[in-house]
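Working notes, structure below.
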Amino acid sequence: MTPAEDTAPHASKGTIRVLQLYPREMNIYGDWGNALVLRQRLLWHGYTPELLEYNVGDDFPEDVDLIVGGGGQDSGQVVIQEDLQARAEQLREMAEDGTPMLVICGLYQLFGKFFKTKSGPVIPGIGILDVETVGTDERLIGNVTLTSSEFGEILGYENHSGQTSLGPGVEPLGTVSKGAGNNSKDNHEGARHRNVVASYLHGSLLPKNPAIADFLIRTAVERKYGAFVPGTPDDDFARLAREHAARRPR
Amino acid sequence: MFSFTVPLGKLVRAVSRLRGGGSALPGLVVEKIDPGFMQRTLSSLPHGVAVVSGTNGKTTTTKMVVELLESQGLKVFTNRTGSNFTRGVAAALLGEVDWRGRLDADVAVLELDEAHAVHFVNKVPPRYCLLLNVLRDQLDRFGEIDATALLLQRIAERTTGTVVLNREDPRVARIAAAVSGPEVLYFGLDQSLRSTFPNDDDMRAAAPGTSPLGDVAASPEADVVLRRVGADDADFEFDGTRVATHMKLRGVYNIFNAAAALVLARSITGASGRPGDAAKLVKALSEVAPAFGRGESLTVDGQPLELVLVKNPSGFRLGLKSFPAKGYASMIAINDNYADGRDMSWLWDVEFDSLREDGVEVLTGVRAYDMALRLQYDEVRFGSVNTDIPAALAEFIRGSAGKPKRVFCTYTAMLAIRRELSKITTVEVVS
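Those protein sequence lines, which keep their order, are chains W and G.
Each residue of the first sequence is one higher than the last, beginning at 60 in my numbering.
Each residue of the second sequence is one higher than the last, beginning at 45 in my numbering.
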């Protein structure tokens, strides 16, 4: 029952540098789970993970292979806003260049064009994603199930009052069959552009959706080393946790 | 109208008890027929009303405040049934008032859920309030924790006498800036203990205290400071004196809340600066036993079985820290019913390394497999996984005979486990 021992690498197939964006401010609702899953699955696939952090005012690390970022309190979003703008061009270039990225909730919104808050002010985003978000009085809360042509059935939990609509420059991550997703009007959840995966889903997202975790890992490895040689992570408990989660009420 | 309220309410209460119903219905009836009942009854109390709120530790803290006040000879009305909402208070009042609607008490100490507390204080402005903490608890009900902090601030704004705040929780401490009328008192921690109470902003922060809210500029003086926590004792400092005392309560977070209870009890009784009363208060504090499932210890097959309620990441982390795994067989029971919170994300904000050496015997609850997945990623060994709580509990007790046992459980899982324990074995409450 200790998968790391079962699949521990005899010799590492390579090193992948995973950067957490603003883990100090943007870490609400288990975003750590996503970073942890990337770290452990890299190990289980036989690669050496290097987990890096970027917080407000830090030097931006070199040679980043994969980026993961989470949600935050409104107060957290205000704190990172200026710093994020200063890094906007660099992040845009990385995204266009094909760097795999996962952004959840708050950073999903800020990776878009803007967030018009409920009280009026417009927080500019960094425009990696062709999406717009408007703050509302309605909070979309509960279990979510969606279907994606790329990843199959995706399970998670949403909790947001910003409602996001997609422009022509992005595809939805999937189509919601339980829950709200991006907004209370259409049935889209999340956004896809290049190798960026954006979603409102906590849960955390990656533990119960290993297909997304492995997409990010495979993309990062292929970009760096040309070919991805997967290991054999034991996903029995992920499968069982998914089965039970899918049966829970909204 | 007045003359009918109490007899009718009492009748509804009696009937709903006979039917085995909850405590809210009679409260609802009274609220409808006589909206002023609660305010009128409570405002007659000589020491007024004290409200205890916050995300973690309300029940145990309220119990402590009540027992501390009783040790000083005060008659205390409290909502013991755990109905921590307005109708629950009205229902509890009905049980206590005489047929003419008079309450024989000196003071009311009420545990109130954050959201319901706001409704309550709008009806009945309290003389005292004690605000414990704002942690990630049941966020699917209240939205973000900043919103929860605003609910607590509303309670403070409606308080007429004294507001007692947690100096170490930045979201609670900064409520001081929002209140102008009432006196503000703090309970605090010794510098050496602060690292054992990570707040949510420190959770992934590089250095403790670097919260995005900014540090509370130059910590204010606290009325009571918890200086040290031992295995079964603790040191508190107040009135410039450090007092060591034995404690029946377990868990550092319970003992920190004991400091909170001391501040409130000292304020209500006017015991500050009176050494004789202080000694009585500390003696009473040392005798407070944990509330249901809050580090409660039962005896099963001649071995202790401890129930540790875990509701949110901070509570789970503190629980793991306060109750070391060594020598214990462990079970974890995770439900996701409404009262537990439906979002499982919180499990990913808890580190389980401390269980790695001894492993976990049994995982249960509706979301047992989410817990299994969580432990797999932290490389913690576990035995069986069974979503059926009664079967899992029976297996745990059978499989760990002769060993002290500990169960970490969410709220509704704890209720199910207590129910089972009373059926399958002799349950004797030992502390």
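A virtual CB, placed ideally from N, CA and C, is assigned to each residue, including glycine.
Query	Result
Cβ atoms of Gly186 (chain W) and Gly165 (chain W): under 8 Å apart, would you say?	no
Report yes if the CB atom of Ala369 (chain G) is closer than 8 Å to the CB atom of Asp393 (chain G), and no otherwise.	no
Helix or strand or just coil, what does DSSP make of His91 (chain G)?	coil
Below 8 Å between beta carbons: does that hold for Pro82 (chain W) and Arg98 (chain W)?	no
Can you give the beta carbon distance from Pro231 (chain W) to Gly249 (chain W), rounded, assuming they're within the 8 Å contact cut?	6 Å
Evaluate Tyr106 (chain W) with the Cβ neighbour count: other Cβ atoms within 10 Å of its Cβ, from every protein chain shown; 16 or more gives buried, anything less gives exposed.	buried
What does the alpha-carbon distance come out to for the pair Val77 (chain W) and Tyr284 (chain W)?	15 Å
CA-CA distance, Lys119 (chain G) and Val93 (chain G)?	12 Å
Give a yes or no on whether the minimum CB-CB distance between Phe210 (chain W) and chain G is below 8 Å.	no
Let me make sure I understand the geometry here. Which of G:Leu195, G:Gly205, G:Met375, G:Ala217 has the alpha-carbon closest to that of Leu308 (chain G)?	G:Gly205
Which same chain residues end up closer than 7 Å to Ala413 (chain G) when comparing Cβ atoms and leaving out the 5 residues on each side of it in sequence?	Rather than Ala, the amino acid found at residue 413 (chain G) in this sequence is Tyr. The residues are Val429.
Please check if any C-beta of chain W sits within less than 8 Å of the C-beta of Ala159 (chain G).	no
Specify the secondary structure class of Met160 (chain W) as computed by DSSP and reduced to three states.	strand
My guess is that His252 (chain W) and Gly228 (chain W) are in contact by the Cβ rule of under 8 Å, so how many angstroms apart are they, rounded?	7 Å
Between G:Ala445, G:Asn381, G:Gly446, which has its C-alpha nearest Cys453 (chain G)'s C-alpha?	G:Asn381
List the residues of chain G that Tyr216 (chain W) touches, going by C-beta distances under 9 Å, in chain order.	Asp184, Arg386, Asp387, Met388, Ser389
To the nearest angstrom, how far is the alpha carbon of Ala278 (chain G) from that of Gly363 (chain G)?	17 Å
Measuring CA to CA, which of W:Leu95, W:Asn93, W:Tyr113 is closest to Leu80 (chain W)?	W:Tyr113
Would you verify that the beta carbon of Glu188 (chain G) is, or is not, closer than 8 Å to some beta carbon of chain W?	yes
Can you find the residues in the same chain that come closer than 6 Å, C-beta to C-beta, to Pro308 (chain W), ignoring five residues on each side of it along the sequence?	none
Strictly below 7 Å CB to CB, what residues from chain W border Arg238 (chain G)?	Here the premise fails: no neighbours, minimum Cβ distance about 18 Å.
Nearest CA to the CA of Arg282 (chain W): which residue from W:Pro266, W:Pro159, W:Thr176?	W:Pro159
Would you report the Cα separation of Gly262 (chain W) and Lys172 (chain W), rounded to the nearest angstrom?	26 Å
Mind checking the segment 254 to 279 of chain W against chain G and listing, in chain order, the residues whose C-beta falls within less than 8 Å of any C-beta there?	His261, Gly262, Ser263, Pro266, Lys267
Return the first residue and the last residue of the alpha helix (DSSP H) that Ala286 (chain W) is part of.	Premise fails: Ala286 (chain W) is in no alpha helix (DSSP H) and is neither H nor E.
Along the segment 428 to 461 of chain G, where does the CB come closer than 9 Å to a CB of chain W? Name the residues.	Val429, Thr431
On the DSSP bridge list, what partners appear for Lys478 (chain G)?	Residue coverage of chain G in this structure runs from 45 to 475, which leaves residue 478 (chain G) outside it and unanswerable.
Looking at chain G, is there any beta carbon in it that lies within less than 8 Å of the beta carbon of Ser134 (chain W)?	yes
In its own chain, which residues sit with a C-beta less than 8 Å from the C-beta of His290 (chain G), not counting the 5 before and 5 after it?	Asp276, Asp277, Ser330
Taking all protein chains shown into account, decide if Lys177 (chain W) is buried (16 or more other Cβ within 10 angstroms of its Cβ) or exposed.	exposed
Within 10 angstroms of the Cβ of Asp531 (chain G), are there 16 or more other Cβ atoms? Answer buried if so, exposed if not.	Absent from the structure is residue 531 (chain G), since the part of chain G shown begins at 45 and ends at 475.
Return the CA-CA distance between Leu188 (chain W) and Asn356 (chain G), expressed in angstroms with no decimal places.	33 Å
Between the Cα of Ser36 (chain G) and those of G:Ala373, G:Ser398, G:Thr122, spot the shortest distance and give me the residue it belongs to.	No statement about residue 36 (chain G) is possible, as the shown extent of chain G runs from 45 to 475 and does not include it.
What is the C-beta distance between Lys167 (chain G) and Met82 (chain G), in whole angstroms, given that I count them as a contact (C-beta under 8 Å)?	6 Å
Could you work out which residues of chain W lie near Ala416 (chain G), taking near to mean beta carbons separated by less than 8 Å?	Phe296, Leu299, Ala300
Using the beta-carbon of each residue, which ones in chain G are nearer than 8 Å to Asn202 (chain W)?	Arg386
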